Amino acid sequence: MDIKGIVKRLKKNHNTYDPFKICENFDIVVHYEELGEILGFYDVHFRMKSIHLNASMPDDMLPFVCAHELGHSILHPNVNPPFLRKHTLFSIDKI
Numbered sequence: 013m014d015i016k017g018i019v020k021r022l023k024k025n026h027n028t029y030d031p032f033k034i035c036e037n038f039d040i041v042v043h044y045e046e047l048g049e050i051l052g053f054y055d056v057h058f059r060m061k062s063i064h065l066n067a068s069m070p071d072d073m074l075p076f077v078c079a080h081e082l083g084h085s086i087l088h089p090n091v092n093p094p095f096l097r098k099h100t101l102f103s104i105d106k107i
């Protein structure tokens with residue numbers, strides 16, 4: 013299914029386009045942290061899904077970055093880039 017189809021299905025199933033409410037429905041915890049140049053990332057730790065957003069980012073960007081990271085959680089839920097970057101030699105560029 014294409015991205016637009018996934019978004020339409022999410023809207024239909026959750027009655028909202030709000031990525032924060034959809035995260036809540038999926039039990040994905042959203043954290044606000046100082047991340048330097050990084051806008052956000054998605055990870056799974058002990059089977060708990062989390063989205064980390066840069067607290068220094070302008071408020072109007074938060075929904076877009078959250079939606080982007082939510083897309084990672086839906087399209088490849090078991091890939092954990094921070095873990096791969098730290099503990100393996102796998103390239104995460106395509107993720």
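If you use the numbering used here, the sequence shown corresponds to residues 13 to 107, in order.
Glycine included, each C-beta is placed from N, C-alpha and C at the ideal position.
Bear in mind the structure is a predicted one, so any value in this text is a computation, not a measurement.
Three-state secondary structure (DSSP) at residue i?
| i | result |
| --- | --- |
| Asn27 | coil |
| His84 | helix |
| Pro70 | coil |
Buried or exposed for residue i, please, with buried defined as at least 16 other CB atoms from any protein chain shown within 10 angstroms of its CB.
| i | result |
| --- | --- |
| Ile40 | buried |
| Phe53 | buried |
| Ser68 | exposed |
| Asn66 | buried |
| Ser43 | Strictly speaking, residue 43 in this sequence is His, with Ser absent from that position. Under this definition His43 is an exposed residue. |
| Leu87 | exposed |
| Ile63 | buried |
| Ile34 | buried |
| Glu49 | exposed |
Have a look at residue i and residue j and give me their C-alpha separation to the nearest angstrom.
| i | j | result |
| --- | --- | --- |
| Val77 | Phe32 | 11 Å |
| Asn90 | Gly83 | 12 Å |
| Lys24 | Glu45 | 31 Å |
| Ile18 | Ala79 | 12 Å |
| Thr28 | Leu47 | 28 Å |
| Leu51 | Lys16 | 23 Å |
From which residue to which residue does the beta strand (DSSP E) around residue i run?
| i | result |
| --- | --- |
| Ile63 | Met60 to Asn66 |
| Phe53 | Gly52 to His57 |
| Glu45 | Val41 to Glu45 |
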